[in-house]
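In the numbering used here, the protein residues as written are 4 to 494.
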């Protein structure tokens with residue numbers, strides 16, 4: 004029986020987690036359109052932008068520093084400006100002076116009053132007997148509230164915060180994962196080489212085949228054999244959770260995450276041989292392009308002198324991170340853990356990924372006492388992290404000196420609107436639209452970690468972890484109440 008885990012939203016994904024599609028939702032979400040106009044305006048103008056760092060005279064300090072840098076880039080999804088290209092538009096004039104001044108003058112949350120607000124909520128029976136919590140002011144790095152904050156707990160999918168932060172730190176937001184096709188020196192064998200991109204689509208595979216077919220025609224090759232190479236990953240492909248609709252076998256070559264039902268998120272029937280399926284589909288595309296394919300695809304590495312004749316690159320790592328967090332995508336999370344291992348020179352398996360991710364988090368000076376990163380997705384119950392670790396990583400992602408980590412924040416679901424928080428908050432909830440957080444759900448385990456702008460206009464990072472929860476829905480409501488309390492004035 005499959006392990007019950009959180010289900011992701013089926014709403015379209017964009018950088019803001021699908022906010023542009025609000026008007027297309029059914030009538031049961033009509034209230035959100037009314038509340039959303041005002042609330043999301045606040046989120047975009049204050050919450051999400053404050054996540055990029057302190058403000059000064061209406062402009063982010065990090066943005067201003069980046070604009071002044073001699074080697075500017077266009078952000079997480081863009082490369083460097085090419086010689087002769089159109090220069091970026093200058094920054095807008097200071098239009099948020101009043102907000103900036105108010106934030107600068109406002110003191111941080113009073114820790115004692117915050118404690119009196121959160122402690123009773125954390126004691127809710129729905130959160131079990133061993134809840135843990137950490138709340139950090141991202142501007143100062145100071146912990147405002149902690150309860151068993153350094154104690155390791157099972158994080159479920161909130162461990163994806165650690166996985167994605169490590170990957171961004173090790174590889175950078177512009178990194179792309181390549182899938183290639185290599186032709187043997189005698190032009191008789193084409194090898195489809197997996198680079199570890201679980202988001203490779205059927206259309207991208209067709210394009211690879213088309214490009215390779217043109218090369219074969221130019222070479223006058225009468226027929227070819229097809230091979231496929233998954234050697235970039237090592238170790239067992241099966242996740243310790245076993246066959247499960249929440250994740251495909253972890254292999255360096257797959258198409259559409261090995262999904263068999265046409266979906267792009269959430270649980271789905273999975274191929275048990277995603278690499279072989281990809282190779283057979285590739286061979287079929289070659290034949291449709293007019294190439295004669297002999298025999299069945301076989302598992303083999305390309306010859307040493309084979310040349311690359313086609314390449315497909317994934318979306319930038321920043322986009323993969325956002326998709327991982329918004330949709331709680333287990334397949335991408337495991338791929339990012341292995342990509343981190345490869346970058347570190349570790350074996351690209353579960354053990355190597357654990358070592359590499361842990362080492363990268365150490366570089367980020369995250370508290371690792373008791374931490375064990377058994378996998379990248381959080382499906383493994385052997386995972387252990389502290390609330391302090393998750394909250395600290397979120398605070399690091401808000402640091403203007405670490406812009407490469409920003410996708411960890413921009414990928415977080417928005418309460419009541421997107422991803423795994425799309426159905427969690429109601430029209431009467433004070434946290435709707437103001438909270439961005441990663442959820443975590445296993446049987447008896449519930450967690451929530453993210454950011455919220457407090458009544459003083461300061462960005463807070465929080466993590467709440469609960470084990471031994473008697474009811475998943477009740478635990479989720481209790482966690483949502485804790486996060487919502489951070490957005491309200493302390494009593």
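Idealized CB from N, CA, C, for every residue including glycine.
C-beta contact flag for residue 269 and residue 336 at 8 angstroms: Numbered from 1 along the chain shown, position 266 holds the residue referred to as residue 269. Numbered from 1 along the chain shown, position 333 holds the residue referred to as residue 336. The Cβ-Cβ distance between residue 269 and residue 336 does not fall below 8 angstroms.
Span separating the alpha-carbon of residue 166 from that of residue 447: Translated into the one-based positions of the chain shown, residue 166 becomes position 163. Translated into the one-based positions of the chain shown, residue 447 becomes position 444. Annotation: residue 166 to residue 447 spans about 22 angstroms, alpha carbon to alpha carbon.
Those residues which DSSP pairs with residue 232 across a bridge: The residue you call residue 232 lines up with position 229 of the chain shown. Beta-bridge pairing links residue 232 to 196.
8 angstroms CB neighbourhood of residue 454 in its chain, flanking five on each side removed: Taking the chain shown and counting its residues from 1, the one referred to as residue 454 is at position 451. For residue 454, where only same-chain residues beyond five positions count, the Cβ hits under 8 angstroms are 50, 54, 141, 397, 401, 412, 415, 438, 439, 440, 462, 463, 464 and 465.
In DSSP terms, what residue 462 is bridged to: Translated into the one-based positions of the chain shown, residue 462 becomes position 459. The partner list for residue 462 (beta bridge, DSSP) reads 456.
C-alpha gap between residue 230 and residue 297, whole angstroms: What you label residue 230 is simply residue 227 of the chain shown in a count that begins at 1. What you label residue 297 is simply residue 294 of the chain shown in a count that begins at 1. Approximately 11 angstroms between the Cα atoms of the pair.
Residue 273 to residue 410 span [Cα, whole Å]: Here residue 273 refers to the residue found at position 270 of the chain shown. Here residue 410 refers to the residue found at position 407 of the chain shown. If you draw a straight line from the Cα of residue 273 to the Cα of residue 410, it is about 28 angstroms long.
Limits of the unbroken beta strand (DSSP E) element including residue 445: The count along the chain shown starts at 1 and reaches residue 445 at position 442. Following the DSSP letters along the chain, one finds residue 445 inside the beta strand (DSSP E) bounded by residues 438 to 445.
Distance, residue 206 Cα to residue 135 Cα: Here residue 135 is taken as the residue at index 132 of the chain shown, counted from 1. Here residue 206 is taken as the residue at index 203 of the chain shown, counted from 1. Those two C-alpha atoms are separated by around 45 angstroms.
Burial state of residue 91, where buried means 16 or more other Cβ atoms lie within 10 Å: For this step, residue 91 is matched to residue 88 along the chain shown. Low confidence applies here, because residue 91 scores a pLDDT of 35, under 50, leaving its location unreliable; read the following figure in that light. So residue 91 counts as exposed.
Under 8 angstroms between C-beta atoms of residue 443 and residue 160: For the purposes of this step, residue 443 is taken as residue 440 along the chain shown, with counting starting at 1. For the purposes of this step, residue 160 is taken as residue 157 along the chain shown, with counting starting at 1. Yes, they are a contact pair.
Whole beta strand (DSSP E) elements within the stretch 309 to 345, 3-residue minimum: Counting whole runs of 3 or more residues, the stretch 309 to 345 contains the beta strand (DSSP E) stretches 310 to 316.
Supposed close pair residue 216, residue 292 - CB separation, criterion 8 angstroms: Within the chain shown, numbered from 1, the residue matching residue 216 stands at position 213. Within the chain shown, numbered from 1, the residue matching residue 292 stands at position 289. Between residue 292 and residue 216 the Cβ distance is about 4 angstroms, and since that is below 8 angstroms, they are a contact.
Range of the contiguous alpha helix (DSSP H) that encloses residue 364: Taking the first residue of the chain shown as position 1, residue 364 is located at position 361. Note, residue 364: alpha helix (DSSP H), 353 to 366.
Beta-carbon spacing of residue 471, residue 133 below 8 angstroms: Here residue 471 corresponds to residue number 468 of the chain shown, with the count starting at 1. Here residue 133 corresponds to residue number 130 of the chain shown, with the count starting at 1. Result yes, Cβ atoms of residue 471 and residue 133 sit closer than 8 angstroms.
Within 8 angstroms, strictly: CB atoms of residue 238 and residue 353: Counting from one through the chain shown, the residue named residue 238 turns up at place 235. Counting from one through the chain shown, the residue named residue 353 turns up at place 350. Yes, these two residues count as a Cβ contact at 8 angstroms.
Run of the alpha helix (DSSP H) containing residue 119, from where it starts to where it stops: Position 116 of the chain shown, counting from 1, holds the residue named residue 119. Residue 119 -> alpha helix (DSSP H) spans 114 to 125.
Rounded separation between residue 257 and residue 417 - CA only: Here residue 257 corresponds to residue number 254 of the chain shown, with the count starting at 1. Here residue 417 corresponds to residue number 414 of the chain shown, with the count starting at 1. Here the alpha carbons of residue 417 and residue 257 stand approximately 30 angstroms from one another.
Limits of the unbroken beta strand (DSSP E) element including residue 132: The sequence position of residue 132 within the chain shown is 129, counting from 1. Taken as a continuous stretch (DSSP letters only), residue 132 belongs to no beta strand (DSSP E), as it is neither H nor E.
Residue 185 - containing beta strand (DSSP E), residue span: Here residue 185 refers to the residue found at position 182 when the chain shown is read from its first residue. Taken as a continuous stretch (DSSP letters only), the beta strand (DSSP E) holding residue 185 covers 181 to 186.
Limits of the alpha helix (DSSP H) - the one that residue 288 falls within: What you label residue 288 is simply residue 285 of the chain shown in a count that begins at 1. Its alpha helix (DSSP H) spans residues 277 to 291.
Top-ranked residue by Cα proximity to residue 137, from 368, 488, 128 and 468: Taking the chain shown and counting its residues from 1, the one referred to as residue 137 is at position 134. The residue from 368, 488, 128 and 468 with its alpha-carbon nearest to that of residue 137 is 468.
Straight-line gap, residue 307 to residue 185 (C-alpha atoms, nearest Å): Residue 307 sits at position 304 when you count from the first residue of the chain shown. Residue 185 sits at position 182 when you count from the first residue of the chain shown. For the pair residue 307 and residue 185, the Cα-to-Cα distance works out to about 10 angstroms.
Residue 156 - partner residues in DSSP beta bridges: By 1-based counting over the chain shown, the position of residue 156 is 153. Beta-bridge pairing by DSSP links residue 156 to 388.
Three-state class that DSSP yields for residue 417 in the structure shown: As a working mapping, residue 417 is identified with position 414 in the chain shown. DSSP places residue 417 in strand when its eight states are reduced to three.
C-beta atoms of residue 342 and residue 170 nearer than 8 angstroms: For the purposes of this step, residue 342 is taken as the residue at position 339 of the chain shown. For the purposes of this step, residue 170 is taken as the residue at position 167 of the chain shown. Cβ distance < 8 angstroms, so residue 342 and residue 170 count as in contact.
Where residue 372 falls, given that 16 or more other Cβ within 10 Å makes a residue buried: The residue you call residue 372 lines up with position 369 of the chain shown. It counts as exposed.
Boundaries (first-last residue) of the alpha helix (DSSP H) holding residue 149: The residue you call residue 149 lines up with position 146 of the chain shown. In the DSSP annotation of this structure, residue 149 is not part of any alpha helix (DSSP H); the continuous beta strand (DSSP E) holding it starts and ends at 145 to 150.
Heavy atom of the ligand MG within 7 angstroms of residue 310 beta-carbon: As for the ligand MG, it is missing from this structure, which has no ligand bound.
Limits of the unbroken alpha helix (DSSP H) element including residue 221: Indexing the chain shown from 1 puts residue 221 at position 218. It spans 205 to 222 - the alpha helix (DSSP H) in which residue 221 sits, taken as one unbroken run.
Straight-line Cα distance separating residue 324 from residue 350: Residue 350 sits at position 347 when you count from the first residue of the chain shown. Residue 324 sits at position 321 when you count from the first residue of the chain shown. Looking at the backbone, the Cα of residue 350 and that of residue 324 are separated by about 22 angstroms.
Environment of residue 242 [buried if 16+ CB atoms lie within 10 Å]: Position 239 of the chain shown, counted from the first residue, corresponds to residue 242. So residue 242 counts as buried.
Residue 226, buried or exposed, once every other Cβ within 10 Å from all chains shown has been counted against 16: In the chain shown, residue 226 corresponds to position 223, counting from 1. Around the beta carbon of residue 226, fewer than 16 other beta carbons lie within 10 angstroms, which makes this residue exposed.
Among 286, 318, 275 and 344, the one whose alpha carbon lies nearest that of residue 228: One-based indexing of the chain shown puts residue 228 at position 225. For the residues 286, 318, 275 and 344, the minimum Cα distance to residue 228 belongs to 286.
Residue 245 versus residue 276: straight-line alpha-carbon distance, rounded: Reading the chain shown from its first residue, position 242 is the one you call residue 245. Reading the chain shown from its first residue, position 273 is the one you call residue 276. Take the alpha-carbon of residue 245 and the one of residue 276: they are about 14 angstroms apart.
Strand pairing of residue 469, partner residues [DSSP]: Start at 1 with the first residue of the chain shown, and residue 469 comes out as number 466. In the DSSP output, where bridge partners are listed per residue, residue 469 has 449.
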